[in-house]
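All residue numbers for the sequence shown refer to numbering that gives the first Met the number 0, where the first residue is 0 and numbers rise by one.
Please read the structure below before turning to the comments.
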Amino acid sequence: MKEQKKDVYAGLGHLFYSIAASDGRVAPPETEKLKALVKKEWMPLEPQRDSAGSDLAYYIEIGFDHANDSNMKPDAAFDRFKAVHAEHPEVFDPSTSNMVVRTAKAIAHAFAGKNQAEKRMITRLEEMFK
Numbered sequence: 000m001k002e003q004k005k006d007v008y009a010g011l012g013h014l015f016y017s018i019a020a021s022d023g024r025v026a027p028p029e030t031e032k033l034k035a036l037v038k039k040e041w042m043p044l045e046p047q048r049d050s051a052g053s054d055l056a057y058y059i060e061i062g063f064d065h066a067n068d069s070n071m072k073p074d075a076a077f078d079r080f081k082a083v084h085a086e087h088p089e090v091f092d093p094s095t096s097n098m099v100v101r102t103a104k105a106i107a108h109a110f111a112g113k114n115q116a117e118k119r120m121i122t123r124l125e126e127m128f129k
C-alpha cells in the first residue's frame, strides 16, 4: 500500500510540474506554491509515513523536483501521471480528483496568472477525470 501511495504522490508531482513547466520554465513562485499546498492541503490528509519517517504526501514534491531537475518535457511528465492514473484509478475519487485540479490551478495562477499552455494542460487534466 505504501509503495502504491508513493507512486501516486510522485505521479502527482510530475503532473504539477507539467502544469508549471508548460510555458517553458518553472518560476520560483510556482515551486513555492506547490510546497505550500503540499504542506497545507495534502500532508494533513495522509497519515502514513515512509521508512525514513517522511509523510508520504511529501513524494509530490519529490516527483516535482525530479521532473524539474531532469528538465523533463511537460508532456512526458503529464504522460507519467496519466500512467499512474490508469494504474491506480481507485485512488482518484471525485474528492481527490477535485483537489488535484484545484492544486493544478493554484500552481498555474502562482506566477502571472494562467497562460494558454497551462490552460491546455488543465483542460487535459479535467478531461481525464470526466
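Just so it is clear, CB atoms sit at the ideal spot from N, CA and C, and this is done for glycine as well.
The model shown is predicted, which means the values in this text are computed figures rather than measured ones.
Around isoleucine 61, the same chain offers Ala9, Gly12 as residues with beta carbons nearer than 7 Å, after the five sequence neighbours per side are excluded. In this structure, the alpha-carbon of tyrosine 57 lies about 7 Å from that of methionine 42. In this structure, proline 73 keeps its C-beta atom at 8 Å or more from the C-beta atom of methionine 127.
Taking the Cα of glutamate 117 as reference, the smallest distance to any Cα among Lys5, Lys4, Arg24 is reached at Arg24. Beta-bridge annotation (DSSP): arginine 123 is not paired with any residue.
Annotation: the continuous alpha helix (DSSP H) that includes aspartate 78 extends over 73-86.
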